[in-house]
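The structure appears right after this line, and notes come after that.
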Amino acid sequence: MSVLTEHTVLPPTGEAPDSRDLASALASDRKFHLVDESGHTFPLTAELQTVLAQALTALSAGQAVTLESLDTLLSTQEAANLLGISRPTLVKLLESGEIPFTKPGRHRRVQLQHLLDYQRLQREHRGEELATMTAEAADDDAYRAINGFTRTR
14 MSVLTEHTVL
24 PPTGEAPDSR
34 DLASALASDR
44 KFHLVDESGH
54 TFPLTAELQT
64 VLAQALTALS
74 AGQAVTLESL
84 DTLLSTQEAA
94 NLLGISRPTL
104 VKLLESGEIP
114 FTKPGRHRRV
124 QLQHLLDYQR
134 LQREHRGEEL
144 ATMTAEAADD
154 DAYRAINGFT
164 RTR
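Okay, so the sequence shown: first residue is 14 according to the numbering used here, each after it adds one.
What follows is the structure in structure tokens.
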């Protein structure tokens with residue numbers, strides 16, 4: 014199972030102005046350390062700073078935050094769940110070469126990074142197609158033609 018831990022944190026009920034300031038500071042290039050009560054210092058990695066900054070930004074905006082840990086090597090079912098598609102559809106993408114995979118034994122395994130790259134490329138492609146369609150509709154004045162009064166009788 015790929016989900017090892019799942020924990021949801023609800024936003025604070027009162028104002029948390031310090032959260033926004035801390036999120037901005039964590040998003041900067043500065044290096045941060047956690048210091049416990051006894052004075053022990055623990056450096057924060059850049060990845061951990063990014064996670065904390067994103068979580069604080071969401072919480073200060075009144076959103077809940079869920080943190081999940083995933084394996085970096087996923088089964089086809091886990092990969093399909095992550096992409097929100099069926100397993101047979103994912104297998105077609107794997108076999109067509111759109112998403113790289115390994116097959117150490119009988120079962121295919123997919124790297125999490127490859128799935129995230131595929132997801133990003135699909136999002137970019139959809140954005141480009143939407144921009145093209147919007148430009149074509151504007152050139153044809155399609156909005157006015159379609160959304161004007163349509164006589165039915």
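We put the beta carbon where it would ideally sit given N, CA and C, even for glycine.
query, result
"Residue span of the alpha helix (DSSP H) that contains T54, given as start and end", "No alpha helix (DSSP H) contains T54, which is instead part of the beta strand (DSSP E) from 54 to 56."
"Secondary structure, beta strand (DSSP E): runs of 3+ residues fully inside the segment 85 to 155", "86 to 88, 122 to 124"
"Which of helix, strand or coil DSSP assigns to E81", "strand"
"Coil, strand or helix - V22 by DSSP", "strand"
"Nonlocal neighbours in the same chain, by C-beta distance under 7 Å from S99, ignoring five residues either side", "A93"
"Alpha helix (DSSP H) segment containing E50, residue limits", "No alpha helix (DSSP H) holds E50; DSSP gives it neither H nor E."
"Buried versus exposed call for L129 [16 or more other C-beta atoms within 10 Å across all chains shown]", "exposed"
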